[in-house]
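Asker: My questions will all concern the structure given below.
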Amino acid sequence: MEQAAYSSSELSHPTTPNSKITLMPVKVLAIELQGLSQSYRTRGETRVIYDNVNFTAKSGEVTLIMGTSGSGKTTLLRQIALLDRTSQGEIYYFGESVAHKNLAKKAKIRSKQLGFIFQSYALIEEFSVLENCALPLLMNGYKKTAAMAKAREYIHNFIADIAVNKQPNELSGGEQQRVAVIRALIHQPGIIIADEPTGNLDSHNANLIKKELVRIAKQLGSAVIIVSHDDSFIECSDAFYRLEPCVDPQVKSQLVKVK
Amino acid sequence: MRAGVSLWLGMRFFTRPLLMYFSLFFVVSCCVFTLFLTIGSYEYQVDRRFASKQPHLTLSQDSSDSQWQTLMNTTEGDNLKAVLLQQDNVLAVSEFIKVRKWLHLNATTQQMTDVNSTTAFDKFSVGDVSIIGVERTIPTVIPLGGLNYYNAGMYKFKITNLEFVADWLTNPELVIPNAVLDASFFPPISQQVAIKSVSNSGTSTGQIKAFLNDYSDESILYVGIDRMQTWLAEDDIKERGIYITLQDSRKLAETRVILTGLLASSRHAWLITSWLDEKNKQKTILFITQFISYSLMVILVMMLLLMLILHQTKVLINKAKSLKIFFMTGYLLIYPLSTLVATASLMGVLMAYLFAHYWITPFILGLFGLVTAISGAFAWWVILCVVVMVNLASVLSMQNRLVY
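Residue numbers (this note's numbering), protein chains in the order written: chain F, 1 to 259; chain R, 1001 to 1404.
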């Protein structure tokens, strides 16, 4: 475990209201998984998806996880994002064990430290572009007016061609994903989780998103974890893992560090 | 997240479902308040009306008015009264005439002896009134029991049984109204009110001695039978008979059997009824009303619970995509949504209470003459239990549905 690399200042994140964008000074360990396992029960039988997974992701770096369909990529990502329960193993966020915290604490950690980007964009249909972008700020204690002002500023700076009052269903796929990227980054999270972020986009929009995601994330110093089928992510990643079929017949997949 | 922002988001996202909670709670609470207030008032009225009556039996004949008059003007009528009076448990026998008329009553108050100044005011009342002319005997079917105090501004008046007895026997002009008439006039500022009645049979005058409260739901004026002719017209439908006032109401059934046996040998067909017959009838109606009302309330509550939980489940399923995003991004909706649901349901209850207070209560007052506080308390208890039950079910449903 590389906990010695952390400093107290690195554990806090610039997510409080009115804070300025601050860059992470050094590449610290943002996420560490130790001996993580996941299994599910079907027809009275327990099936192990992966066992004893060890993984690290550093801030300011892009970490890529690849694997075939059904290998457990999304399951691993959900576990990393504290959306699923962890029965075995440990998850550390900036050196702090988070896997066994209660539902409310996990939700608080997600709202403060995580930014999500999904293949399906995951924008809230009932909210406008502005409200979708302001949501993480509202969850982090911003007043409504301050959150809306900051969201407006981000939209103006990064996606100026998208009208703030439009509803998600009025936007193209590429536009929706760009809004989703802004929403994931606006509260300057320490960790950005992207599940097939370019899966539904054409090559032009995919390249645009890829570049923007990597550029902004590096600028903010966030740890970016990308799960994708897209080989083109390999060249822009700093670390690369692959979920491969496991040699143990009782276990479906194993995580192998490639780069 | 700030509590205000959290609630605003919940409100923004669940406006319609919250309106549904508000509306359904408003409707169901209105029903519960109405049913409880109605049942309570009806029950109280039935209990008090029959409790306050002097126990008595009513003897009547299915004959014409002239046949009755002929009977009572002969010795046969006098003999009958004498025989009845000799029976055990019979206290008094009084002939009566009952008629229902549309009257316009004008009342003028008069100051009593212990008040020096002579203030007075007029008041009138219009409506259908039962006038009962009763033979002046004591005890009478008119409820004269109890000691009555009346507050009139700075004065307090006391009316004793003795005054009633004395007046009833000696004052031929005395007219005694019941509670419904009492409500028609101002509360007494005097023990004596001079009245003038205008009806199609002419104008009658009399004196109302205080106000008696026998909780009857019909307006009744009791007058002496000897003064009844001033109130009657030829075409009035008159009910004639004899009140047999009893000593012990517990022996009512026994006395009734004895009198039935006694009258069986008579050449006339007599009908003996008791005010308890009416009470039993009212009690049966009350019981049926209670049964239907409580069943209706149970059905309403069950339907409310079912509708709200099904509606909530449907909404949570329909919005599941967005709710998953909320959950993933760290917004746990359970707490703000529970607060909003509780607030919406309580607002519905509060609005229903205000509606019941300003619209339903006056209606019930008009119907029964009183509204019992205990009915309101019961209604609140039931409604708050329903609020707690629905909200608990709602939270449990949310806990199952809002964690992805």
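In this text, a Cβ means the ideal position worked out from N, Cα and C, and glycines have one as well.
For the pair the segment 1308 to 1324 of chain R and the segment 248 to 255 of chain F, tell me if three or more CB-CB distances fall below 8 Å.
Answerer: no
Asker: Leaving out the 5 sequence neighbours to the left and right, which residues in its chain are closer than 7 Å to Asp1226(R) when beta-carbon positions are compared?
Answerer: Within the second sequence, the letter at position 226 stands for residue 1226(R). Around Asp1226(R): Pro1172.
Asker: Let me make sure I understand the geometry here. Which of Ile1097(R), Gly1127(R), Leu1105(R), Phe1124(R) has the alpha-carbon closest to that of Glu1135(R)?
Answerer: Working through the second sequence from its first residue, we reach residue 1135(R) at position 135. Nearest C-alpha to Glu1135(R): Ile1097(R).
Asker: Quick check on the burial criterion: 16 or more other C-beta atoms within 10 angstroms. Buried or exposed for Tyr1358(R)?
Answerer: One-based indexing of the second sequence puts residue 1358(R) at position 358. Its Cβ having fewer than 16 others within 10 Å, Tyr1358(R) is exposed.
Asker: Report the residue from Ile1309(R), Trp1380(R), Gly1330(R), Leu1370(R) whose alpha carbon sits nearest the alpha carbon of Val1390(R).
Answerer: Position 390 of the second sequence, counting from 1, holds the residue named residue 1390(R). For the residues Ile1309(R), Trp1380(R), Gly1330(R), Leu1370(R), the minimum Cα distance to Val1390(R) belongs to Ile1309(R).
Asker: Going by other Cβ atoms of all chains shown within 10 Å of its Cβ, with 16 needed for buried, is Tyr1042(R) buried or exposed?
Answerer: Here residue 1042(R) corresponds to residue number 42 of the second sequence, with the count starting at 1. Result: buried.
Asker: Going by the beta-carbon positions, is the gap between Ile109(F) and Ile192(F) smaller than 8 Å?
Answerer: Taking the first residue of the first sequence as position 1, residue 109(F) is located at position 109. Taking the first residue of the first sequence as position 1, residue 192(F) is located at position 192. Cβ distance not < 8 Å, so Ile109(F) and Ile192(F) don't count as in contact.
Asker: Which same chain residues end up closer than 8 Å to Ser97(F) when comparing Cβ atoms and leaving out the 5 residues on each side of it in sequence?
Answerer: Counting from 1 along the first sequence, the entry for residue 97(F) is found at position 97. Hits under 8 Å: Glu90, Ile91.
Asker: Could you compute how far the alpha carbon of Leu135(F) sits from the alpha carbon of Leu1333(R)?
Answerer: If you number the first sequence from 1, residue 135(F) lands on position 135. If you number the second sequence from 1, residue 1333(R) lands on position 333. Distance between the alpha carbons of Leu135(F) and Leu1333(R) is about 13 Å.
Asker: Closest Cβ-Cβ distance between Lys143(F) and chain R: below 8 Å?
Answerer: Here residue 143(F) is taken as the residue at index 143 of the first sequence, counted from 1. True, the Cβ-Cβ gap to chain R drops below 8 Å.
Asker: Which runs of the alpha helix (DSSP H) at least 4 residues long sit entirely within the segment 88 to 147 of chain F? Give them in chain order.
Answerer: Segments of the alpha helix (DSSP H) lying fully in the segment 88 to 147 of chain F: 103 to 113, 129 to 139.
Asker: Please look up how many angstroms separate the CB atoms of Ala1300(R) and Cys1030(R), rounded, as I've assumed it's under 8 Å.
Answerer: In the second sequence, residue 1300(R) corresponds to position 300, counting from 1. In the second sequence, residue 1030(R) corresponds to position 30, counting from 1. Residue identity differs from the one stated: residue 1300(R) is Leu in this sequence, not Ala. Between Cys1030(R) and Leu1300(R) the Cβ distance is about 10 Å, and since that is not below 8 Å, they are no contact.
Asker: For Gly1330(R), return the contacting residues in chain F, with the cut-off set at a CB-CB distance below 7 Å.
Answerer: Within the second sequence, the letter at position 330 stands for residue 1330(R). Per Cβ cutoff of 7 Å: Ala107, Lys108, Arg110, Ser111, Met139.
Asker: Run down chain F in chain order and give the residues with a C-beta less than 7 Å from the C-beta of Val1005(R).
Answerer: Here residue 1005(R) refers to the residue found at position 5 when the second sequence is read from its first residue. Leu138, Lys144, listed in chain order.
Asker: When burial is assigned at 16 or more other CB atoms within 10 Å of the CB, is Leu82(F) buried or exposed?
Answerer: To locate residue 82(F), count along the first sequence from 1; it is residue 82. Label assigned to Leu82(F): buried.
Asker: Rounded to whole angstroms, what is the Cα-Cα separation between Thr1015(R) and Lys144(F)?
Answerer: To locate residue 1015(R), count along the second sequence from 1; it is residue 15. To locate residue 144(F), count along the first sequence from 1; it is residue 144. One C-alpha to the other measures close to 18 Å.
Asker: Short of 6 Å in beta carbon distance, which residues of its chain neighbour Ala1253(R), apart from the five on each side in sequence? Order them along the chain.
Answerer: Against the second sequence, residue 1253(R) aligns to sequence position 253. Once the five neighbours on either side are set aside, Ala1253(R) has no close Cβ partner at all.
Asker: According to the neighbour-count rule (16 or more other Cβ atoms, all chains shown, within 10 Å of its Cβ), is Gln1399(R) buried or exposed?
Answerer: Stepping through the second sequence from its first residue, residue 1399(R) is reached at position 399. Exposed is the call here.
Asker: For Lys1196(R), collect the residues of the same chain with a Cβ closer than 6 Å to its Cβ; drop the 5 residues on either side in sequence, then sort them by chain order.
Answerer: Position 196 of the second sequence, counting from 1, holds the residue named residue 1196(R). For Lys1196(R), where only same-chain residues beyond five positions count, the Cβ hits under 6 Å are Asn1106, Thr1205.
Asker: Would Ile225(F) and Ala57(F) qualify as a contact pair, given that the criterion is a beta-carbon distance under 8 Å?
Answerer: Counting from 1 along the first sequence, the entry for residue 225(F) is found at position 225. Counting from 1 along the first sequence, the entry for residue 57(F) is found at position 57. Yes.
Asker: Where does the unbroken alpha helix (DSSP H) through Val1315(R) begin, and where does it stop?
Answerer: If you number the second sequence from 1, residue 1315(R) lands on position 315. Run containing Val1315(R): 1275 to 1318, per the alpha helix (DSSP H) assignment.
Asker: Can you tell me where the beta strand (DSSP E) holding Tyr1331(R) begins and where it ends?
Answerer: In the second sequence, residue 1331(R) corresponds to position 331, counting from 1. Counting along the chain, Tyr1331(R) falls outside any beta strand (DSSP E), and DSSP gives it neither H nor E.
Asker: Measure from the C-beta of Leu23(F) to each C-beta in chain R and report whether the shortest distance is under 8 Å.
Answerer: Translated into positions along the first sequence, residue 23(F) becomes position 23. With a pLDDT of 47 at Leu23(F), under the threshold of 50, the modelled position of that residue is not reliable, and the figure given next carries that caveat. No, because no Cβ of chain R sits closer than 8 Å to the Cβ of Leu23(F).
Asker: Using CA atoms only, rank isn't needed, just tell me which of Ile1242(R), Leu1350(R), Ile1383(R) is closest to Leu1305(R).
Answerer: Here residue 1305(R) refers to the residue found at position 305 of the second sequence. Looking at the Cα atoms, Ile1383(R) is the closest of the given residues.
Asker: Counting only beta-carbon separations shorter than 8 Å, does Phe116(F) have a partner in chain R?
Answerer: What you label residue 116(F) is simply residue 116 of the first sequence in a count that begins at 1. Output row for Phe116(F): interface = yes.
Asker: Residues in the same chain with beta-carbon distance under 7 Å from Leu1407(R), minus the five sequence neighbours each way, listed in chain order, please.
Answerer: Missing from the structure shown is residue 1407(R); chain R here goes from 1001 to 1404 and no further.
Asker: Jot down the residue ranges of each uninterrupted alpha helix (DSSP H) in the segment 1013 to 1094 of chain R, minimum 4 residues, whole runs only, in chain order.
Answerer: 1015 to 1051, 1065 to 1073, 1075 to 1086
Asker: Put Gly1202(R) into one of helix, strand or coil per three-state DSSP.
Answerer: Numbered from 1 along the second sequence, position 202 holds the residue referred to as residue 1202(R). Strand.
Asker: Return the chain-ordered list of same chain residues with a C-beta closer than 6 Å to the C-beta of Val1165(R), the five sequence neighbours on each side being excluded.
Answerer: In the second sequence, residue 1165(R) corresponds to position 165, counting from 1. Within the same chain, Val1165(R) has close Cβ partners Ile1138.
Asker: Between which two residues does the beta strand (DSSP E) carrying Gln254(F) extend?
Answerer: For the purposes of this step, residue 254(F) is taken as residue 254 along the first sequence, with counting starting at 1. That run of the beta strand (DSSP E) goes 251 to 257.
Asker: What does Leu76(F) touch in chain R if you count any residue whose Cβ is under 7 Å from its own?
Answerer: Within the first sequence, numbered from 1, the residue matching residue 76(F) stands at position 76. Those within 7 Å of Leu76(F) in chain R number zero; the least Cβ separation is about 15 Å.
Asker: Given that a residue counts as buried once 16 or more other Cβ atoms are within 10 Å of its Cβ, and exposed if not, what is Ser69(F)?
Answerer: Numbered from 1 along the first sequence, position 69 holds the residue referred to as residue 69(F). It counts as exposed.
Asker: Might you give, ordered along the chain, the residues of its own chain that have their beta carbon closer than 6 Å to the beta carbon of Asn165(F), omitting 5 neighbours on each side?
Answerer: Taking the first residue of the first sequence as position 1, residue 165(F) is located at position 165. Excluding positions up to five away in sequence, the list reads Ser128.
Asker: Mind checking if Ser1029(R) is an interface residue toward chain A, Cβ cutoff 8 Å exclusive?
Answerer: Annotation note: the requested chain A is absent from the structure, which comprises protein chains F and R.
Asker: Examine chain F for any beta-carbon lying closer than 8 Å to the beta-carbon of Arg1002(R), and answer yes or no.
Answerer: Working through the second sequence from its first residue, we reach residue 1002(R) at position 2. Output row for Arg1002(R): interface = yes.
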